[in-house]
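Here the structure comes first, spelled out in C-alpha cells, and everything after it is commentary.
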Amino acid sequence: MKLLLKLSLITTSMLIFTFTGWCNDDSVIYLALQNGNQDTGSPAPLVGRKDTYLSTLEEIHGDLKENRDVSPIILSFDFYKTNGSFASGFGLEVHSYNKSYSFENDSSSVRLSAVGLLYGLNFYYRGDFWFPFIGFGTGNYSVKVQEELNLEGSKTFGTVFGQVDKPFFYKLGVRIPLNGIGIVLTQQYTSADIMVATENKPLSLGGTASFFGLYYTF
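Counting in this note's numbering, the sequence shown runs from 464 upward without gaps.
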C-alpha cells in the first residue's frame with residue numbers, strides 16, 4: 464500500500480510539473496521498457512554488501528540449484544531539460560521480478576516476488592549518433608518471501624513481507640536514437656537489502672545488472 468501511494472504521488476507530481484513547466488522546445492521526455500539480467504548475489508561496487516540469508520539456508524539444506532540471477536522488467540520515465548548538447552533531469556523506474564530457489568539436499572524452496580520504485584537524477588550528452596547518460600537515486604523496494612523448508616523430517620511454511628525504504632542505485636548507459644524510437648542499454652548497480660525475519664539475515668534485492676530495451680521520445 465505504501466509503495467502504491469508513493470508511486471501515485473510521485474507520478475502525479477511529475478506529470479503536473481512536466482505539463483506545466485517542461486513542455487517546450489527545451490525539454491525531452493523518454494518512455495522506456497527494458498529487460499535483462501540482474502545478479503542479486505553480486506554486491507553493487509562501493510555501496511553494496513554481501514547478503515547471508517540464502518547462504519545460511521544452504522548450510523542446512525544444501526547448495527542452491529539455481530544461480531542468483533533474476534530477469535526484471537523495467538518501465539521508466541525520464542524527463543530532461545536540455546542546454547545545448549547537455550541535459551539534466553529526473554527519472555522514475557518501476558522494477559519487478561520473481562525468483563524461485565531450491566536446494567540440493569531436500570525439497571526445501573524459497574520464492575521471491577519483488578517490486579522496486581526508484582527515482583533520481585539523470586544527466587546525458589547529446590552526441591551525433593548516440594546519447595550516453597548517467598544517473599543515481601533512491602526509492603523503495605517491496606518483497607514477498609515464501610519459505611517451504613524441511614526441518615528434521617517435517618515441513619515448515621512461512622511468508623515474510625518487507626520493504627527497503629532507502630535503497631541506493633547508480634547507473635550508466637547509452638541511448639541510440641532511431642527516429643523517435645530508439646535502443647537503450649543500461650548498466651545499473653543497486654544496494655537494496657532486506658532483513659528476513661525468519662533467519663534474521665539480510666537478503667539482497669538489488670545487485671549488478673545489465674538491461675536492454677526500447678524507448679520512445681516525446
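Note that CB positions come from ideal geometry on N, CA and C, so glycine has one too. As the structure is a computational prediction, the values presented were derived from the model and not from experiment.
Counting the other Cβ atoms within 10 Å of the Cβ of S605 gives 16 or more, which makes it buried. For S571, no beta strand (DSSP E) segment is defined, and its DSSP state is neither H nor E.
Taking 8 Å as the upper bound for CB-CB distance, P630 and T601 are in contact here, some 6 Å apart. Comparing alpha-carbon positions, the option among A660, N642, G547, M658 lying closest to T680 turns out to be N642. Contact between the stretch 561–572 and the stretch 584–604 is absent: fewer than 3 CB-CB pairs across the two stretches fall below 8 Å. DSSP lists F540, Y582 as the beta-bridge partner residues of L555. Close CB contacts of H524 within its chain, under the 6 Å cut and outside five residues either way in sequence, are with F566, N568, D569, S571 (chain order). Contact between H558 and L575 is absent: CB atoms are separated by about 13 Å, not below the 8 Å threshold. Nearest neighbour of K544 by Cα position, chosen from V623, F624, V491, turns out to be V491.
Contact between the stretch 617–624 and the stretch 632–647 is absent: fewer than 3 CB-CB pairs across the two stretches fall below 8 Å. DSSP places T519 outside any beta strand (DSSP E); the residue lies instead in the alpha helix (DSSP H), whose first and last residues are 516–524.
In the DSSP secondary-structure assignment, P595 is bridged to V637. A check of alpha carbon separations from G590 across P640, K607, V608 identifies P640 as the nearest.
Here D526 is exposed: its Cβ has fewer than 16 other Cβ atoms, across all protein chains shown, within 10 Å. One thing to note: S534 has its Cβ no nearer than 8 Å to the Cβ of T671. Annotation for T619: the continuous beta strand (DSSP E) segment containing it runs 617–627. Within the same chain, and ignoring the five residues on either side of T515 in sequence, the residues whose Cβ sits closer than 8 Å to its Cβ are K664, P665. F681 carries a coil assignment under DSSP once its states are collapsed to helix, strand and coil. For I646, same chain residues with a beta-carbon under 6 Å away, outside a window of 5 residues either side, are I639 in chain order.
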